[in-house]
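S.K.:
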Amino acid sequence: MKLSLKDSISQALQDVVNALLAEVDATKIPAVVLTRPKQKEHGDYAVNIAMPLAGLLKQNPRQVAETILAKVQFPDAVDSADIAGPGFINIKLKAGGETDILKDIMQMAESYGRLDNNNGEAVNLEFVSANPTGPMHVGHGRGAVVGDALANLMNARGYKVHKEYYINDAGSQIGVLANSVWLRMQELQGIKITFPEGAYPGDYIIEIAKEILASQDFASFEALDDVSRLQQLGELAVNANMAMIRSDLTDIGIEFDQYFSEKTLHESNKVTQLIEKLEADDLIYTGTLPPPKGKEVVDYNPVKQRLFRTTDFGDDVDRPLQKQDGTATYFAADIAYHADKFERGFKHMIDIWGADHGGYITRVQAAMKALTGLEKQPEVLLVQMVNLTRDGVPFKMSKRAGTFVTLSEVVEEVGKDAVRFNFMTRRIESQFDFDLEAAKAKDAENPVYYVQYAHARIHAVLRKAEAENIRLTDIKDIDTSLLTSDEASKLIKMLIAYPDMLDTAANRREPYRIATYIMQLAAAFHSFYHKNRVIMDDEALMQARLLLLRATAQVIKNALTLLGVSAPESM
RNA sequence: GCGCCUGUAGCUCAGCUGGAUAGAGCAACGGACUUCUAAUCCGUAGGCCGCAGGUUCGAAUCCUGCCAGGCGCGCCA
Numbered sequence: 005m006k007l008s009l010k011d012s013i014s015q016a017l018q019d020v021v022n023a024l025l026a027e028v029d030a031t032k033i034p035a036v037v038l039t040r041p042k043q044k045e046h047g048d049y050a051v052n053i054a055m056p057l058a059g060l061l062k063q064n065p066r067q068v069a070e071t072i073l074a075k076v077q078f079p080d081a082v083d084s085a086d087i088a089g090p091g092f093i094n095i096k097l098k099a100g101g102e103t104d105i106l107k108d109i110m111q112m113a114e115s116y117g118r119l120d121n122n123n124g125e126a127v128n129l130e131f132v133s134a135n136p137t138g139p140m141h142v143g144h145g146r147g148a149v150v151g152d153a154l155a156n157l158m159n160a161r162g163y164k165v166h167k168e169y170y171i172n173d174a175g176s177q178i179g180v181l182a183n184s185v186w187l188r189m190q191e192l193q194g195i196k197i198t199f200p201e202g203a204y205p206g207d208y209i210i211e212i213a214k215e216i217l218a219s220q221d222f223a224s225f226e227a228l229d230d231v232s233r234l235q236q237l238g239e240l241a242v243n244a245n246m247a248m249i250r251s252d253l254t255d256i257g258i259e260f261d262q263y264f265s266e267k268t269l270h271e272s273n274k275v276t277q278l279i280e281k282l283e284a285d286d287l288i289y290t291g292t293l294p295p296p297k298g299k300e301v302v303d304y305n306p307v308k309q310r311l312f313r314t315t316d317f318g319d320d321v322d323r324p325l326q327k328q329d330g331t332a333t334y335f336a337a338d339i340a341y342h343a344d345k346f347e348r349g350f351k352h353m354i355d356i357w358g359a360d361h362g363g364y365i366t367r368v369q370a371a372m373k374a375l376t377g378l379e380k381q382p383e384v385l386l387v388q389m390v391n392l393t394r395d396g397v398p399f400k401m402s403k404r405a406g407t408f409v410t411l412s413e414v415v416e417e418v419g420k421d422a423v424r425f426n427f428m429t430r431r432i433e434s435q436f437d438f439d440l441e442a443a444k445a446k447d448a449e450n451p452v453y454y455v456q457y458a459h460a461r462i463h464a465v466l467r468k469a470e471a472e473n474i475r476l477t478d479i480k481d482i483d484t485s486l487l488t489s490d491e492a493s494k495l496i497k498m499l500i501a502y503p504d505m506l507d508t509a510a511n512r513r514e515p516y517r518i519a520t521y522i523m524q525l526a527a528a529f530h531s532f533y534h535k536n537r538v539i540m541d542d543e544a545l546m547q548a549r550l551l552l553l554r555a556t557a558q559v560i561k562n563a564l565t566l567l568g569v570s571a572p573e574s575m
């Protein structure tokens with residue numbers, strides 16, 4: 005691929021810098037970084053390279069900048085370069101100097117912004133992993149949308165992302181689930197029951213109970229002993245919940261490459277083998293844990309147990325792998341799971357967790373270090389909590405009372421595109437106040453319609469052109485240098501910035517940048533649209549503007565596609 | 001008590017890993033549709049960037065200490 009104008013300019017500057025610092029250790033030579041100045045008077049590009057160089061060369065920055073400018077060979081599109089402020093080099097381009105990009109965009113179409121890299125790094129991305137004990141709530145939805153967009157984004161930038169969902173279908177919670185279903189089944193048979201404190205109260209449990217009774221005889225369960233009855237009902241209930249979860253995920257356009265069952269880890273003895281291996285490696289010893297800090301512990305009684313030496317690998321305290329009854333802890337299964345990912349060839353794993361699991365990161369990474377030697381694996385992204393409101397009034401949600409709003413209810417009310425886009429408009433580190441009415445509103449309060457409207461508007465113009473029998477000139481014959489208005493220049497700069505933005509977003513695991521970018525791009529377009537009439541008598545200018553519109557629509561669509569949001573051609 | 005996240009305009013948030021005069025949207029005020037979609041645009045006003053120190057040519061950004069909010073801290077997942 006040919007070098008972009010930006011890259012040619014920074015290369016030209018880098019050559020001079022390298023020559024000036026020929027004596028200096030190559031690894032210490034600072035890299036030239038072109039930025040887009042905020043002030044128009046500061047030119048099209050600005051470089052601060054003279055400042056870090058000043059220290060190395062023991063000259064003042066403005067003097068260094070002069071030396072650089074005296075030697076540099078800029079590409080033709082550069083009009084002028086001057087020194088400003090403490091030592092910035094401001095570069096001004098010739099009018100229409102960057103407009104060739106429009107032709108490149110049209111040629112690359114949906115691959116504009118993407119890196120074709122056939123041997124990209126394989127990454128295992130685990131997200132959602134909502135427990136199969138009930139429906140997904142909005143918090144899961146945020147993690148799901150962010151994870152899916154991150155997968156799309158990283159795939160677009162050359163990684164090979166494997167999307168995985170970990171099903172926690174083992175452990176005591178499944179027993180609680182099974183018992184809850186059994187109680188409801190009895191209730192449906194007219195048997196009087198008392199619903200205990202810890203059981204799951206939600207109505208979906210009744211639905212599951214009805215489903216089971218519809219296909220199987222109540223008496224056949226009654227005949228079973230407690231253990232096998234709960235075992236069977238647990239499996240049925242997990243399957244029912246997972247079917248519901250998968251259907252909810254489909255409704256917001258999310259598909260996983262793999263669903264991984266925790267239960268299979270136990271059944272294949274991977275967990276016990278893991279413990280044996282750690283024992284053999286002398287990483288487990290008998291000890292007593294100190295009492296937990298920070299809350300009243302009434303019933304704390306210290307017990308001797310076998311502990312994994314995670315503190316040797318960066319953890320705060322050593323961790324037990326087995327409960328007193330001998331069964332494995334969740335932690336034991338989870339490290340067996342991550343070790344399994346490693347064995348499947350993934351040296352790079354990303355997990356997306358809710359903020360309430362933040363305290364868990366250190367111990368998993370410590371365990372992985374002990375097992376594989378890998379540092380900081382898995383890479384964990386914490387998604388902060390979602391506060392659901394309607395017209396600013398928070399919902400009173402209680403799992404115990406069974407009054408929580410599910411993700412599918414929200415998606416049904418608000419719509420997939422609005423849910424997905426809104427969840428992408430903030431950094432994951434900030435808590436999200438999600439207002440149902442605001443997300444539903446088809447007005448300026450709602451960014452998703454703002455950007456979709458821009459796309460639809462462009463297509464309205466293109467339809468109008470078609471209706472007036474305007475033939476689109478061959479792209480190579482269009483004179484893009486006619487696009488000199490301020491609004492056109494701003495729009496073109498936004499289009500040029502797209503690949504760099506994706507690169508930053510992928511490297512920093514920040515897919516929200518795509519949403520922020522699309523909003524800015526849409527704003528640049530709307531502004532252009534108001535001041536620059538497209539369909540007009542000046543044939544050459546009209547063709548150039550039509551090209552600009554087509555390129556803009558293409559980039560909006562490319563970006564929305566990464567977010568899993570549709571780009572309608574009319575609204 | 002300890003750990004992680006957050007604190008920027010009245011509200012919701014950006015600020016491109018240290019750069020030039022801190023930016024958007026909403027709300028407020030004033031304008032723009034006989035012309036390609038007004039779900040739009042243009043303008044005005046609004047800021048001790050939580051507080052206090054420090055690092056340097058230069059700090060919303062990095063370091064330290066406070067303050068406030070969220071999440072978490074037994075073999076629950």
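For reference, each letter of the first sequence is one residue, going 5 to 575 in this note's numbering.
Every residue, glycine too, gets a C-beta built ideally from N, C-alpha and C.
With the cut-off set at 7 Å, would you say A244 and I210 are in Cβ contact?
M.R.: For A244 and I210, no; Cβs fall outside 7 Å.
S.K.: Indicate the three-state DSSP secondary structure (helix, strand or coil) for R467 in the structure shown.
M.R.: Residue state, collapsed to three classes: helix.
S.K.: Which of helix, strand or coil does DSSP assign to P324?
M.R.: Residue state, collapsed to three classes: strand.
S.K.: How many Å lie between K420 and I462 at the Cα?
M.R.: Using only the alpha carbons, I get a separation of about 23 Å.
S.K.: Hey, L499 and A153: beta-carbon distance below 7 Å or not?
M.R.: Cβ distance not < 7 Å, so L499 and A153 don't count as in contact.
S.K.: Would the beta-carbon of V538 fall within 7 Å of that of R549?
M.R.: Closer than 7 Å, so yes.
S.K.: So within the segment 17-65, which uninterrupted alpha helix (DSSP H) runs reach at least 4 residues, ignoring any that extend past its ends?
M.R.: Here the runs fully enclosed are 54-61.
S.K.: Pick from V321, A359, P90: whose alpha carbon is nearest that of P294?
M.R.: Nearest C-alpha to P294: V321.
S.K.: Which whole runs of the beta strand (DSSP E) in the segment 369-455 are 3 residues long or more, in chain order?
M.R.: Entirely contained in the segment 369-455, the beta strand (DSSP E) runs reaching 3 residues are, in chain order, 383-387, 390-394, 436-439.
S.K.: Note down the Cα distance separating Y516 from D355, rounded to an integer number of angstroms.
M.R.: Between Y516 and D355, the C-alpha separation is close to 17 Å.
S.K.: Excluding the 5 residues preceding and the 5 following F335 in the sequence, name in chain order all residues of the same chain whose CB lies nearer than 7 Å to its CB.
M.R.: Answer for F335: R323, L325, R367, listed in chain order.
S.K.: Tell me, which residues are paired with T292 by DSSP?
M.R.: Its beta-bridge partners are K308.
S.K.: Where do the N-terminal and C-terminal ends of the alpha helix (DSSP H) with V142 fall, by residue?
M.R.: Here the alpha helix (DSSP H) through V142 covers 142-160.
S.K.: On the DSSP letters alone, give me the boundaries of the alpha helix (DSSP H) that S493 sits inside.
M.R.: Run containing S493: 490-511, per the alpha helix (DSSP H) assignment.
S.K.: In the structure shown, what three-state DSSP assignment does Q2 receive?
M.R.: The first residue shown for the chain is 5 and the last is 575, placing residue 2 beyond what the model contains.
S.K.: Quick check on the burial criterion: 16 or more other C-beta atoms within 10 angstroms. Buried or exposed for D48?
M.R.: D48 should be labelled buried.
S.K.: Using the rule of at least 16 other Cβ atoms within 10 Å of the residue's Cβ for burial, across every protein chain shown, is P200 buried or exposed?
M.R.: By the 10 Å Cβ count, P200 comes out exposed.
S.K.: Hey, could you find the ends of the alpha helix (DSSP H) V180 is sitting in?
M.R.: Looking at the DSSP string, the run of the alpha helix (DSSP H) that includes V180 is 176-192.
S.K.: Would you check if there are 3 or more beta carbon pairs closer than 8 Å linking the segment 124-131 to the segment 152-166?
M.R.: At 8 Å Cβ cutoff, the stretches touch.
S.K.: Where E102 and A113 are concerned, what is the direct C-alpha to C-alpha distance, given to the nearest angstrom?
M.R.: Each residue's Cα considered, the two are about 18 Å apart.
S.K.: Sorted by chain position, which residues of the same chain lie with C-beta nearer than 8 Å to D447's C-beta, five sequence neighbours on each side aside?
M.R.: Once the five neighbours on either side are set aside, the close Cβ partners of D447 are Y453.
S.K.: Can you find at least 3 beta carbon pairs, one from the segment 310-318 and one from the segment 282-289, that sit closer than 8 Å?
M.R.: Result yes; three or more Cβ-Cβ pairs closer than 8 Å.
S.K.: Whole angstroms is fine: what's the gap from P56's alpha carbon to I13's?
M.R.: Between P56 and I13, the C-alpha separation is close to 19 Å.
S.K.: List the DSSP bridge partners of A571.
M.R.: Answer is none; A571 lacks a bridge partner.
S.K.: Apply the 10 Å Cβ neighbour rule to D381 and answer buried if 16 or more other Cβ atoms are within range, or exposed otherwise.
M.R.: The sequence shown places Gln at residue 381, not Asp. The residue is buried, with at least 16 neighbouring Cβ atoms inside 10 Å.
S.K.: Under the DSSP definition of a beta bridge, which residues are partnered with V275?
M.R.: Beta-bridge pairing links V275 to no other residue.
S.K.: Mind checking which residues open and close the alpha helix (DSSP H) that includes D207?
M.R.: 207-219 is the span of the alpha helix (DSSP H), which, as asked, contains D207.
S.K.: Measure the alpha-carbon distance for I518 versus A510 and round it to whole angstroms.
M.R.: If you take the alpha carbons of I518 and A510, they lie about 10 Å apart.
S.K.: Quick one: what does DSSP say Y116 is sitting in, helix, strand or coil?
M.R.: Coil, per DSSP.
S.K.: Under a Cβ-count criterion, where at least 16 other Cβ atoms within 10 Å of its own Cβ denotes burial, should M428 be classed as buried or exposed?
M.R.: Buried is the call here.
S.K.: Since E130 is in the beta strand (DSSP E), which residue starts that stretch and which ends it?
M.R.: From DSSP, the beta strand (DSSP E) with E130 extends over 126-130.
S.K.: For S133, does the three-state DSSP call read helix, strand or coil?
M.R.: Three-state DSSP puts S133 in coil, outside helix and strand.
S.K.: Can you give me the C-alpha to C-alpha distance between I339 and E271, rounded to a whole angstrom?
M.R.: Cα-Cα distance, rounded: 16 Å.
S.K.: If we require 4 or more residues per run, which alpha helix (DSSP H) segments fall completely within the segment 217-243?
M.R.: Runs found: 222-226.
S.K.: Write down the C-beta distance between M189 and F131 rounded to the nearest angstrom, noting that I regard them as a contact closer than 8 Å.
M.R.: That belief does not hold up - the Cβ atoms of M189 and F131 are roughly 33 Å apart, past 8 Å.
S.K.: Can you tell which of I482, Q547, I474, P451 has the C-alpha that lies nearest to the C-alpha of L525?
M.R.: Comparing Cα-Cα distances from L525 to each of I482, Q547, I474, P451, the minimum goes to P451.
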